[in-house]
Amino acid sequence: MIQELYHLLKHKINLDWWWQGSEFEISVGALLAPQTRWSNVEKALNNLKKANLLSPEKLSSIDETTLQELIRPCGFYRQKAKRLQEFSRFYTREWNDLKFADLDTAREKLLQVRGVGKETADSILLYAMEKPKFVVDAYTLKILKCLGIDGNYDTIQALFEKNLPSDVKLFKHYHALIVEFGKRYCNKNRCNECEILTLKN
DNA sequence: CCCCAGGATTGCT
DNA sequence: AGCAATCATGGG
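And the structure:
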């Protein structure tokens, strides 16, 4: 079922983009992304790039109000400014050790940073650190619910990881496909395409 | 004008 | 343990 969904989406969706940049840049994107459109995250990232501030050293030392203004277009800019600075200090302190730590330890460390919840932590693990952790998001839960499988973040994540080979590239591609599919076809109120998915099984 | 986006935290029950 | 309120800008 999990495998079949992958091949179904792979046929239906073609991706033109997905998370690129340095490890730090990808992490910053993950911290800015919650509950905001990616186009707005890009505006914030571009502001930081143009100001030449997209490094852990500069972000941790920059004035908080200045940082707020730069990332304003992505929303929640007050909390996100604080989170970026705390994460930047965390990054300088622990990133290198984290890359050699085992996956569960690295995840625990990331979750201790304020503003880093499960999805953000797993996004950083998978896309920035290239560790085999499957990222679950709202669309994942919604699509599986349409297919008759109800669950929360942890149970659904376990389901994917149990039914897939532990392959970073596959995890990245699958999650990206889910998000692209969700953006197009899953809304709060209606979910027309999920009927098509069920028919195929 | 209304709804919501690639969530996380806090506080209440 | 699960639920609601809160955060805030920009797009459809």
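Quick note, our numbering runs 952 ahead of the 1-based positions in the first sequence. Idealized CB from N, CA, C, for every residue including glycine. Quick caveat: nothing in here was measured; it's all calculated off a predicted structure.
On a Cα-Cα basis, can you pick out the residue from the options that is closest to residue i?
{"i": "Thr1018", "options": "Ala1003, Ser1007, Pro1008 and Gly1027", "result": "Ala1003"}
{"i": "Glu956", "options": "Lys1135, Glu1132 and Leu1116", "result": "Leu1116"}
{"i": "Ser1075", "options": "Met953, Phe976, Arg1136 and Leu967", "result": "Phe976"}
{"i": "Leu1093", "options": "Lys1085, Ile1130 and Gln1064", "result": "Ile1130"}
{"i": "Phe1112", "options": "Gly1100, Gly1134, Tyr1126 and Leu1099", "result": "Tyr1126"}
{"i": "Gln972", "options": "Gly1134, Lys1124, Arg1136 and Glu1145", "result": "Lys1124"}
Tell me whether residue i is buried or exposed, calling it buried when 16 or more other Cβ atoms sit within 10 Å of its Cβ.
{"i": "Lys1083", "result": "buried"}
{"i": "Asn998", "result": "exposed"}
{"i": "Ala1110", "result": "exposed"}
{"i": "Lys962", "result": "exposed"}
{"i": "Leu967", "result": "exposed"}
{"i": "His959", "result": "exposed"}
{"i": "Met1081", "result": "buried"}
{"i": "Asn1153", "result": "For Asn1153, the predicted model reports a pLDDT of 46, less than 50, meaning its position is unreliable; a value from the coordinates is still stated below. Counting Cβ neighbours within 10 Å, Asn1153 comes out exposed, since fewer than 16 surround it."}
Identify whether residue i lies in helix, strand or coil by the three-state DSSP scheme.
{"i": "Asn1048", "result": "helix"}
{"i": "Lys964", "result": "helix"}
{"i": "Ser1118", "result": "coil"}
{"i": "Glu1113", "result": "helix"}
{"i": "Ile1014", "result": "coil"}
{"i": "Asp1106", "result": "helix"}
{"i": "Gln1037", "result": "helix"}
{"i": "Leu1151", "result": "Residue placement at Leu1151 cannot be trusted, given a pLDDT of 48 that sits under 50; the coordinates are not used to answer."}
Determine whether the beta carbon atoms of residue i and residue j lie at a separation below 8 Å.
{"i": "Leu1096", "j": "Leu1077", "result": "no"}
{"i": "Val1088", "j": "Ile1108", "result": "yes"}
{"i": "Glu1132", "j": "Ile965", "result": "yes"}
{"i": "Cys1138", "j": "Tyr1091", "result": "yes"}
{"i": "Ile978", "j": "Tyr1079", "result": "yes"}
{"i": "Arg1066", "j": "Arg1035", "result": "yes"}
Are at least three pairs of beta-carbons, each pair with one atom in the region 1056-1073 and one in the region 982-996, less than 8 Å apart? Touching, yes.
Is there contact between the region 1036-1050 and the region 1007-1021, where contact requires at least three CB pairs shorter than 8 Å? Enough Cβ pairs lie closer than 8 Å, so yes.
Three or more beta-carbon pairs under 8 Å between the region 1045-1060 and the region 1026-1033, yes or no? The region 1045-1060, when compared against the region 1026-1033, does not touch it at the 8 Å Cβ threshold.
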